[in-house]
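A.B. asks: The structure that follows is given in the form of structure tokens.
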Amino acid sequence: MDTVGLTFDDVLILPRRSSVVSRSEVSTHTHLTRRIRMAIPLVSAAMDTVTEADMAIAMARCGGIGVIHRFNTVEEQVGHVRKVKRAENIAIEEPYTIGPEATVAEAEEMMETRDVSGLLVVDEDRRLLGILTRRDILFRAPLERVGKCMTPRERLVTAPPTIGLEEAKKLFMEYKVEKIPLVDGEGRLAGLITSLDLVKKTMYPEATRDGRGRLAVAAAIGVRDEAFSRAEALVEAQADVLVIDVAHGHSEQVIRLLRRLRSVYGDDLEVVAGNVATPEGVEDLASAGASAVKVGVGPGSVCTTRIVAGVGVPQLTAVMMCAEAGERMGVPVIADGGIRSSADLVKALAAGASSVMVGRLLAGTDESPGSVVVRDGRKMKIYRGMASLFAMMKKDGRYGDDKLQDALEYSYMAEGVEAYVPYRGSVQDVVSQLVAGLRSGLSYVGARNLSELRERAVFIRMTEAGMRESKPHSIEQA
Ligand code: XMP
Numbered sequence: 004m005d006t007v008g009l010t011f012d013d014v015l016i017l018p019r020r021s022s023v024v025s026r027s028e029v030s031t032h033t034h035l036t037r038r039i040r041m042a043i044p045l046v047s048a049a050m051d052t053v054t055e056a057d058m059a060i061a062m063a064r065c066g067g068i069g070v071i072h073r074f075n076t077v078e079e080q081v082g083h084v085r086k087v088k089r090a091e092n093i094a095i096e097e098p099y100t101i102g103p104e105a106t107v108a109e110a111e112e113m114m115e116t117r118d119v120s121g122l123l124v125v126d127e128d129r130r131l132l133g134i135l136t137r138r139d140i141l142f143r144a145p146l147e148r149v150g151k152c153m154t155p156r157e158r159l160v161t162a163p164p165t166i167g168l169e170e171a172k173k174l175f176m177e178y179k180v181e182k183i184p185l186v187d188g189e190g191r192l193a194g195l196i197t198s199l200d201l202v203k204k205t206m207y208p209e210a211t212r213d214g215r216g217r218l219a220v221a222a223a224i225g226v227r228d229e230a231f232s233r234a235e236a237l238v239e240a241q242a243d244v245l246v247i248d249v250a251h252g253h254s255e256q257v258i259r260l261l262r263r264l265r266s267v268y269g270d271d272l273e274v275v276a277g278n279v280a281t282p283e284g285v286e287d288l289a290s291a292g293a294s295a296v297k298v299g300v301g302p303g304s305v306c307t308t309r310i311v312a313g314v315g316v317p318q319l320t321a322v323m324m325c326a327e328a329g330e331r332m333g334v335p336v337i338a339d340g341g342i343r344s345s346a347d348l349v350k351a352l353a354a355g356a357s358s359v360m361v362g363r364l365l366a367g368t369d370e371s372p373g374s375v376v377v378r379d380g381r382k383m384k385i386y387r388g389m390a391s392l393f394a395m396m397k398k399d400g401r402y403g404d405d406k407l408q409d410a411l412e413y414s415y416m417a418e419g420v421e422a423y424v425p426y427r428g429s430v431q432d433v434v435s436q437l438v439a440g441l442r443s444g445l446s447y448v449g450a451r452n453l454s455e456l457r458e459r460a461v462f463i464r465m466t467e468a469g470m471r472e473s474k475p476h477s478i479e480q481a
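First residue of the sequence shown: 4, per this note's numbering; consecutive thereafter.
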């Protein structure tokens, strides 16, 4: 037993001579996987009180990414992925359509359930007949036919599917329309461009996007029987990254699944695997084909793994050891869990993580699932560990059967707790504060980017007294 395990509060980073004049000079760009670049090193956790579509959209717009959790049906998870993919898009390739014989009531229901403001009206050969927006059906009787209320094709501005961004902007300016259907040479519907999507694209220049300009999104899978079919459905829905998300990632099951995914999808698929807390874990997962490895056994704010199982590695040491192995193997490492502040974020990145996964800090935002509750006059939201009793009961909507399989994914004893966290406003607010702290950390170390932070950071160990001195002290706080 010769290694001392340290965590964030055990250390500080030495300040170094710096030529950075302004915090705005530094870059926070990083890689999630070897291929996926991000403007900020933040990933939202694959937990049912943290990441569904709204969180993933907000994270991608900020320049990070969200991992849609897997504690739902495949259809639900795929629905979230699709919602992110449709959130901003130069062209929506398969816009929602309706036939001219459908009723106004049917159209209204479709707009409601799909959460869109308009439908394209097409015949059986997908030839564009018109467009139906909420304005077209205002005051219309529920049984009137769509074909009678729509704005017909001859009054629409349309464009060929090959139209570029700048040309599209010109059309929107010239005709002052909100939607431009794309039609091919035979008049068939080939897509839709909306002015809102173009505005959003210019509003979020740092957003994490796929090759087609859509927001990027990751999605979690487990290792049980359904994992492969879930993976297939998520790939089909064009999730950018799959995350094999299990408590003990250094396992034969994960290695087998990784190999199977690689053999079916080749190098095209981005797969993150975890969680591990040792260099051997990183090596084995990287050798089996992981595009990045997630590190953290027990550091999370709602985790009780270490207390229940007596297993884990304090997170700073885990990240340092694993990042070294990641570098050797050429895979980025994601530090998962235990981040309570921007200081922890800086330390995790200085220790070698390429990005950081965050649960609790994002659980109290507007974009996390669940509503705000008021407790003792304070606004709160619920946050729970995915191996907490409540979450385990909810998993697959059942509790009691399949215990053995559950035990393989998350150790069967409850290894998480459920908690209230303070309401924190929007994801944008939380992320801005974290990134401001990160920029500050970089400038104290004299680093212009995250790889310079890793190179230049020298940790110093601190005592309890040092920790006390680090916080506001010897005052009566106002
Ligand atoms: P933070 O500290 O950001 O951590 O809230 C989020 C991470 O915690 C992990 N997680 C769990 N770990 N039991 C555990 O041991 C659990 O019930 C549990 N639920 C989530 C997960 O890695 C997440 O990203």
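The beta carbon of each residue, even a glycine, is placed where N, CA and C say it ideally should be.
Is residue 476 buried or exposed, if buried means 16 or more other CB atoms sit within 10 Å of its CB?
C.D. replies: Along the sequence shown, read from residue 1 onward, the residue named residue 476 stands at position 473. So residue 476 counts as exposed.
A.B. asks: CB-CB under 7 Å to residue 483, same chain, minus the five flanking residues each way: which ones, in chain order?
C.D. replies: As displayed, the chain neither begins before 4 nor continues past 481, which places residue 483 out of reach and without an answer.
A.B. asks: By alpha-carbon positions, which one of 156, 370 and 95 ends up nearest to residue 198?
C.D. replies: Numbered from 1 along the sequence shown, position 195 holds the residue referred to as residue 198. Of 156, 370 and 95, the residue nearest in Cα terms is 95.
A.B. asks: Who are the near neighbours of residue 450 in its chain, counting only those whose CB is closer than 6 Å to its CB and skipping five residues on each side?
C.D. replies: Taking the sequence shown and counting its residues from 1, the one referred to as residue 450 is at position 447. If we look at residue 450 and ignore the five residues flanking it on each side, its Cβ neighbours are 456 and 459.
A.B. asks: For residue 127, which three-state DSSP category applies?
C.D. replies: Residue mapping note: residue 127 aligns to position 124 of the sequence shown, counting from 1. Residue 127: coil per DSSP, three-state reduction.
A.B. asks: Just to confirm, are residue 59 and residue 211 a CB contact at a threshold of 8 Å?
C.D. replies: For the purposes of this step, residue 59 is taken as residue 56 along the sequence shown, with counting starting at 1. For the purposes of this step, residue 211 is taken as residue 208 along the sequence shown, with counting starting at 1. Taking 8 Å as the Cβ cut-off, residue 59 and residue 211 do not qualify as a contacting pair.
A.B. asks: Less than 8 Å between the C-beta atoms of residue 321 and residue 299, yes or no?
C.D. replies: Here residue 321 is taken as the residue at index 318 of the sequence shown, counted from 1. Here residue 299 is taken as the residue at index 296 of the sequence shown, counted from 1. Going by C-beta atoms, residue 321 is nearer than 8 Å to residue 299.
A.B. asks: Just to check, is the beta-carbon of residue 357 closer than 7 Å to a non-hydrogen atom of the ligand XMP?
C.D. replies: One-based indexing of the sequence shown puts residue 357 at position 354. No, the Cβ of residue 357 stays beyond 7 Å of every heavy atom of the ligand XMP.
A.B. asks: Who are the Cβ neighbours of residue 28 in its own chain at under 7 Å, not counting the five residues just before and after it?
C.D. replies: Locating residue 28 in the sequence shown gives position 25, counting from the first residue. Contacts found: 451.
A.B. asks: What is the DSSP secondary structure of residue 38, counted as helix, strand or coil?
C.D. replies: What you label residue 38 is simply residue 35 of the sequence shown in a count that begins at 1. Three-state DSSP puts residue 38 in coil, outside helix and strand.
A.B. asks: Under a three-way DSSP split, which group does residue 294 fall into?
C.D. replies: The sequence position of residue 294 within the sequence shown is 291, counting from 1. Coil, per DSSP.
A.B. asks: Can you check DSSP and say which residues form a bridge with residue 43?
C.D. replies: Translated into positions along the sequence shown, residue 43 becomes position 40. BP columns for residue 43 are empty, so no partner.
A.B. asks: Quick one: does the C-beta of residue 224 sit closer than 7 Å to a heavy atom of the ligand PLP?
C.D. replies: Ligands present in the displayed structure are limited to the ligand XMP, and the ligand PLP is not among them.
A.B. asks: Using 8 Å for Cβ pairs, my map puts residue 337 next to residue 46. What's the rounded Cβ distance?
C.D. replies: Along the sequence shown, read from residue 1 onward, the residue named residue 337 stands at position 334. Along the sequence shown, read from residue 1 onward, the residue named residue 46 stands at position 43. Confirmed, Cβ separation roughly 6 Å.
A.B. asks: Would you say the beta carbon of residue 310 comes nearer than 7 Å to a heavy atom of the ligand XMP?
C.D. replies: Taking the first residue of the sequence shown as position 1, residue 310 is located at position 307. No; taking the cut-off as 7 Å, the Cβ of residue 310 has no heavy atom of the ligand XMP nearer than that.
A.B. asks: Determine the extent of the alpha helix (DSSP H) in which residue 176 is found, giving its start and end residues.
C.D. replies: The residue labelled residue 176 in the question sits at position 173 within the sequence shown. It spans 168-178 - the alpha helix (DSSP H) in which residue 176 sits, taken as one unbroken run.
A.B. asks: Should residue 379 go down as buried or exposed, given a rule of 16 or more other Cβ atoms within 10 Å for buried?
C.D. replies: Position 376 of the sequence shown, counting from 1, holds the residue named residue 379. Burial call: exposed.
A.B. asks: Below 6 Å CB to CB, which residues in the same chain sit around residue 100 once its five sequence neighbours on both sides are set aside?
C.D. replies: Here residue 100 is taken as the residue at index 97 of the sequence shown, counted from 1. Result list for residue 100: 123 and 125, in chain order.
A.B. asks: Would you check if the distance between the CB atom of residue 446 and the CB atom of residue 30 is smaller than 8 Å?
C.D. replies: Taking the first residue of the sequence shown as 1, we reach residue 446 at position 443. Taking the first residue of the sequence shown as 1, we reach residue 30 at position 27. The answer is no: Cβ separation not under 8 Å.
A.B. asks: So, for residue 428: in the same chain, excluding its five sequence neighbours on each side, which residues have a beta-carbon less than 8 Å away from its beta-carbon?
C.D. replies: Indexing the sequence shown from 1 puts residue 428 at position 425. Only 368 and 369 meet the Cβ criterion.
A.B. asks: Helix, strand or coil for residue 11? Go by DSSP, reduced to three states.
C.D. replies: Position 8 of the sequence shown, counting from 1, holds the residue named residue 11. Helix, per DSSP.
A.B. asks: Please report the residue range of the alpha helix (DSSP H) in which residue 139 lies.
C.D. replies: Counted from its first residue, the sequence shown places residue 139 at position 136. Unbroken alpha helix (DSSP H) run through residue 139: 137-140.
A.B. asks: Let me confirm a value: residue 167 is counted as buried when at least 16 other C-beta atoms fall within 10 Å, else exposed. Which label applies?
C.D. replies: Working through the sequence shown from its first residue, we reach residue 167 at position 164. By the neighbour-count rule (16 or more Cβ atoms within 10 Å), residue 167 is not buried but exposed.
A.B. asks: If the criterion is Cβ atoms closer than 8 Å, does the pair residue 50 and residue 389 meet it?
C.D. replies: On the sequence shown, residue 50 is found 47 positions in, with the first residue counted as 1. On the sequence shown, residue 389 is found 386 positions in, with the first residue counted as 1. Closer than 8 Å, so yes.
A.B. asks: Under 8 Å, do residue 284 and residue 253 count as touching if we go by C-beta distance?
C.D. replies: Position 281 of the sequence shown, counting from 1, holds the residue named residue 284. Position 250 of the sequence shown, counting from 1, holds the residue named residue 253. Closer than 8 Å, so yes.
A.B. asks: In the DSSP assignment, the beta strand (DSSP E) including residue 62 goes from what residue to what residue?
C.D. replies: Position 59 of the sequence shown, counting from 1, holds the residue named residue 62. Unbroken run through residue 62 is the alpha helix (DSSP H), 56-65; no beta strand (DSSP E).
A.B. asks: Should residue 39 and residue 243 be called a contact, given that it needs their Cβ atoms to be closer than 8 Å?
C.D. replies: Translated into positions along the sequence shown, residue 39 becomes position 36. Translated into positions along the sequence shown, residue 243 becomes position 240. Cβ atoms of residue 39 and residue 243: closer than 8 Å.
A.B. asks: Within a Cβ cutoff of 7 Å, which residues of the same chain sit near residue 365, ignoring the five residues on either side of it in sequence?
C.D. replies: Translated into positions along the sequence shown, residue 365 becomes position 362. So the list reads 47, 53, 58, 371, 430 and 433, once near-sequence residues are dropped.
A.B. asks: When the cut-off is 8 Å and only beta carbons count, does residue 250 lie next to chain D?
C.D. replies: The chain labelled as chain D is not found in the depicted structure, where only one protein chain is given.
A.B. asks: Could you name the residues of the same chain whose beta carbon sits closer than 6 Å to that of residue 442, not counting the 5 residues immediately before and after it, in chain order?
C.D. replies: Numbered from 1 along the sequence shown, position 439 holds the residue referred to as residue 442. If we look at residue 442 and ignore the five residues flanking it on each side, its Cβ neighbours are 26 and 29.
A.B. asks: In angstroms with no decimal places, state the Cα-to-Cα distance between residue 70 and residue 151.
C.D. replies: On the sequence shown, position 67 is the one that residue 70 refers to. On the sequence shown, position 148 is the one that residue 151 refers to. Between residue 70 and residue 151, the C-alpha separation is close to 43 Å.
A.B. asks: Name, in chain order, the residues that DSSP records as bridge partners for residue 68.
C.D. replies: Residue 68 sits at position 65 when you count from the first residue of the sequence shown. Answer by DSSP bridge pairing, in chain order: 46.
A.B. asks: Roughly how many angstroms lie between the CA atoms of residue 351 and residue 105, to the nearest whole one?
C.D. replies: As a working mapping, residue 351 is identified with position 348 in the sequence shown. As a working mapping, residue 105 is identified with position 102 in the sequence shown. One C-alpha to the other measures close to 56 Å.
A.B. asks: Answer yes if the region 142-161 comes into contact with the region 220-238, meaning at least three C-beta pairs across the two stretches below 8 Å, and no otherwise.
C.D. replies: No: the two stretches stay apart, fewer than three of their Cβ pairs being nearer than 8 Å.
A.B. asks: Which term fits residue 358, buried or exposed, when burial requires 16 or more other beta carbons within 10 angstroms of its beta carbon?
C.D. replies: Here residue 358 is taken as the residue at index 355 of the sequence shown, counted from 1. Buried: at least 16 other Cβ atoms inside 10 Å.
A.B. asks: Between the C-alpha atoms of residue 119 and residue 297, what's the straight-line distance to the nearest angstrom?
C.D. replies: As a position in the sequence shown, residue 119 is number 116, starting the count at 1. As a position in the sequence shown, residue 297 is number 294, starting the count at 1. Cα to Cα, the separation comes out at about 36 Å.
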